[in-house]
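Just remember that the numbering used here sits 800 ahead of the position in the sequence shown, which is counted from 1.
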Amino acid sequence: LGNGVQHLDHIVAASYEDGVTVSEVMPGKEVEDLTLEEIGQITNEQLGELIETLVATTQRGIKIDPKPSNFFYDSQSGYGIVDYSSSGIGMYSADQTL
801 LGNGVQHLDH IVAASYEDGV TVSEVMPGKE VEDLTLEEIG QITNEQLGEL
851 IETLVATTQR GIKIDPKPSN FFYDSQSGYG IVDYSSSGIG MYSADQTL
């Protein structure tokens, strides 16, 4: 579901047998580890791209685990999101609202 959506973690290999996925490393660091100086450097464009990513995930039926440790920020790349799944699969499946 996340293919083609910028700023989302993308799986490059998986093993159903071992229950393991491999992804490229998300640039930046977890948002909860940002300094006040780094937070002050976040641009309106980067915030807009984050919003566009969240809209795209909602439209595609992607459910994001909203823990701060799943959101990354890099001064060059902007925001990145890891740990998401289909909102229609699993015991706690449900569409998220923005």
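We put the CB at the ideal spot given by N, CA and C, even for glycine.
Nearest-angstrom Cα separation, counted from D874 out to T821: 23 Å
Kindly give me the distance between the Cβ atoms of G878 and E849, rounded to whole angstroms, as I take these residues to be in contact under 8 Å. Sure, about 5 Å apart at Cβ, within 8 Å.
Residue nearest to G861 in terms of C-alpha spacing, selected from V812, S887, K829: The shortest C-alpha separation from G861 is found at S887.
For D833 versus I881, is the C-beta spacing smaller than 8 Å? At a Cβ-Cβ threshold of 8 Å, D833 and I881 do not count as neighbours.
Judging by CA-CA distance, which residue of D883, F872, Y884, T857 is the nearest neighbour of T835? T835 has its Cα closest to that of F872, out of D883, F872, Y884, T857.
Opening and closing residue of the alpha helix (DSSP H) in which V855 lies: 844-859
Rounded separation between L854 and E817 - CA only: C-alpha separation (whole angstroms): 31 Å.
DSSP three-state call for G840: helix, strand or coil? helix
Compute the beta-carbon to beta-carbon distance between V812 and S823, rounded to the nearest angstrom, for a pair I have assumed lies under 8 Å. V812 to S823, Cβ: 6 Å. Contact.
Which partner residues does E830 have in the DSSP bridge list? F872
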